[in-house]
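Let me begin by presenting the structure, written as structure tokens, before commenting on it.
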Amino acid sequence: MVRGITARGGAAHALPGDLSTAAGAEAVADAVLEGFGAPDILVLNAGRSIMRSVADSEHRLHDYERTVAINYLGGVGLVLRLLPGMRARGSGHIVHSSSIGVLGNLPEFSAYVGSKAAMDAVLRIAGIESRADGVRVTNVHLPLVSTDMIAPTDWSEYASLTLDDGVGMVLGAIRRQSPEVNNPLGILYRDAYRAVPGIVGRVQNDYYRWYSSRGQKAGAAPASTPGIG
């Protein structure tokens, strides 16, 4: 990424880090503050996705711990360290690459969606608390995007956005600075759950049972995938 930006005449710096631990998040925040000060825009995009039903997770609490570590606690760790500088300066924007699953409750992604929903909630509250200080917060509910993160799953055929389109949603969020950005499918999920949650739940359950039976016949295995999303 750095090479691509600099090749086009831009300036970029890479700060490697591990957001799956508190110490790692602290180290990344330290490097940002020492090298550049409080950022104008913080995009929370690192993530881990795990595809497994709740019923198949009986002895797999670690699946939830792993998604929470990066998708939630890693992001919170950066926000706690970088938000004060934004507020002191009187400007800043935090953008979270969230998931359409938060709106649509996607079966088999409870570990991933749960961690994204938690990050959504923290940022909504942070946005309320920091609004008078000039800081804006946006949760971008991305649908499935064609990335390496979903490649090992058999959901790749359902990806509804190219990588460029996904980046476009995030860039649009940066420009508009609205509290939430959704694509048409996300808006449909959100409004349908508000209006007729029981009907939507039944339809999703029917689809989930059909999809699960198809996967069992094909011998599909659940997937755990680190990546960006």
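Residue 148 is where the sequence shown starts when you use our numbering, and the numbers rise one by one after that.
No residue lacks a Cβ here, since even glycine has one placed at the ideal position from N, Cα and C.
Because the structure is a prediction, the values reported are computed rather than measured.
- Rounded to whole angstroms, the separation of the alpha carbons of residue 228 and residue 360 is 46 Å.
- In the three-state scheme derived from DSSP, where H, G and I count as helix and E and B as strand, residue 252 is classed as coil.
- Rounded to whole angstroms, the Cβ separation of residue 325 and residue 285 is 6 Å, and the two are in contact under 8 Å.
- Non-local C-beta neighbours of residue 238 in its own chain, meaning closer than 8 Å and more than five positions away in sequence, comprise 187, 281, 282, ordered along the chain.
- Cα atoms of residue 340 and residue 167: separation of roughly 32 Å, rounded to the nearest angstrom.
- In its chain, beyond the 5 residues on either side, 247, 250, 251 have a beta carbon closer than 7 Å to the beta carbon of residue 336.
- Rounded to the nearest angstrom, the gap between the Cα atoms of residue 199 and residue 354 is 16 Å.
- For residue 270, same chain residues with a beta-carbon under 7 Å away, outside a window of 5 residues either side, are 241, 243, 284, 286 in chain order.
- Membership of residue 173 in the alpha helix (DSSP H) is indicated by the continuous run 169-183.
- With a threshold of 16 other beta carbon atoms within 10 Å, residue 197 meets it and is buried.
- Here the region 151-162 makes no contact with the region 203-215; the two share fewer than three CB pairs at distances below 8 Å.
- Spatial neighbours of residue 274 in its own chain (CB-CB distance under 6 Å, excluding positions within 5 residues in sequence) are listed in chain order as 284.
- Proximity to residue 192 across 169, 170, 262, 342 peaks at 262, based on C-alpha coordinates.
- Judged by DSSP secondary structure, residue 230 falls within the alpha helix (DSSP H) whose first and last residues are 222-236.
- Looking only at 225, 209, 148, 183, the smallest Cα-Cα distance to residue 172 is reached by 225.
- If you check the CB distance, residue 254 and residue 329 do not come in under 9 Å.
- Look at residue 352 here: in three-state DSSP terms it is helix.
- The beta carbons of residue 162 and residue 233 sit no closer together than 9 Å.
- DSSP places residue 215 in the helix class (H, G or I) of the three-state scheme.
- With a cutoff of 9 Å on beta-carbon distance, residue 218 and residue 182 are scored as not near each other.
- Residue pairing for residue 289: DSSP places it in a beta bridge opposite 246.
- Taking C-alpha positions only, residue 320 is separated from residue 347 by approximately 28 Å.
- Approximately 26 Å separates the beta-carbon atoms of residue 170 and residue 236; this is outside 8 Å, ruling out the contact.
- For residue 325, no beta strand (DSSP E) segment is defined, and its DSSP state is neither H nor E.
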